[in-house]
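Below: one structure, written as structure tokens.
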Amino acid sequence: MNLNQVTVPSLNVAASVDFYCRLGLKLIVSSPHYARFQCPSGDSSFSVHLVNELPHQSLTVVYFETKALDERVKQLQREGFVFAQEPQDESWLWREARTPDPSGNVICLYWAGTNRLNPPWRIPPSA
222 MNLNQVTVPS
232 LNVAASVDFY
242 CRLGLKLIVS
252 SPHYARFQCP
262 SGDSSFSVHL
272 VNELPHQSLT
282 VVYFETKALD
292 ERVKQLQREG
302 FVFAQEPQDE
312 SWLWREARTP
322 DPSGNVICLY
332 WAGTNRLNPP
342 WRIPPSA
């Protein structure tokens with residue numbers, strides 16, 4: 222099994238398209254009520270769909286990995302992105318920065334290196 226995509230709600234698809242294209246995703250499907258993006262590396266995709274109102278506040282966080290996290294955040298800030306959390310090292314051994322998308326969905330840019338799938342506390346493979 223492979224994760225294909227994550228879809229988040231959007232109050233304004235055009236604003237979301239602008240946000241995610243500026244973030245670095247490639248637009249591959251576009252309509253007034255839906256947009257889908259290809260991630261710059263790997264084969265995952267990400268999409269937004271139009272809603273009339275947002276559900277109660279979501280606790281979902283969408284993570285996009287970037288090796289040059291600090292440099293990417295600085296570049297995005299120069300382009301007008303506002304980060305609720307500047308890049309910082311977390312206790313789970315990831316470096317993370319967070320920004321809201323135009324509909325308030327929490328987007329986390331991060332770098333975890335080998336700790337992404339192999340943290341020191343990982344369950345050992347069964348023999």
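Per our numbering, the very first residue in the sequence shown carries number 222; after that it's consecutive. Positions of the beta carbon are idealized from the N, C-alpha and C atoms, including for glycine.
For W342, does the count of other Cβ atoms within 10 angstroms reach 16, so buried, or fall short, so exposed? For the purposes of this step, residue 342 is taken as the residue at position 121 of the sequence shown. Counting Cβ neighbours within 10 Å, W342 comes out exposed, since fewer than 16 surround it.
If we count the other Cβ atoms within 10 Å of its Cβ and call it buried at 16 or more, is A289 buried or exposed? In the sequence shown, the residue the question calls residue 289 occupies position 68. Classification of A289: exposed, given that the 10 Å Cβ count is below 16.
Identify the residues that DSSP records as bridge partners of V318: which are they? Along the sequence shown, one-based indexing puts residue 318 at 97. The identity of residue 318 in the sequence shown is Ala, whereas the question assumes Val. A318 is bridged by DSSP to L330.
Can you name the residues that DSSP bridges to T335? To locate residue 335, count along the sequence shown from 1; it is residue 114. For T335, which the question treats as bridged, DSSP gives no partner whatsoever.
Are the beta-carbon atoms of E286 and W332 separated by less than 8 Å? Residue numbering aside, residue 286 sits at position 65 when the sequence shown is read from its first letter. Residue numbering aside, residue 332 sits at position 111 when the sequence shown is read from its first letter. Yes. Within cutoff.
Measure the beta-carbon distance from V327 to V272 and round it to whole angstroms, keeping in mind my assumption that it falls under 8 Å. Stepping through the sequence shown from its first residue, residue 327 is reached at position 106. Stepping through the sequence shown from its first residue, residue 272 is reached at position 51. 16 Å between Cβ atoms; not a contact.
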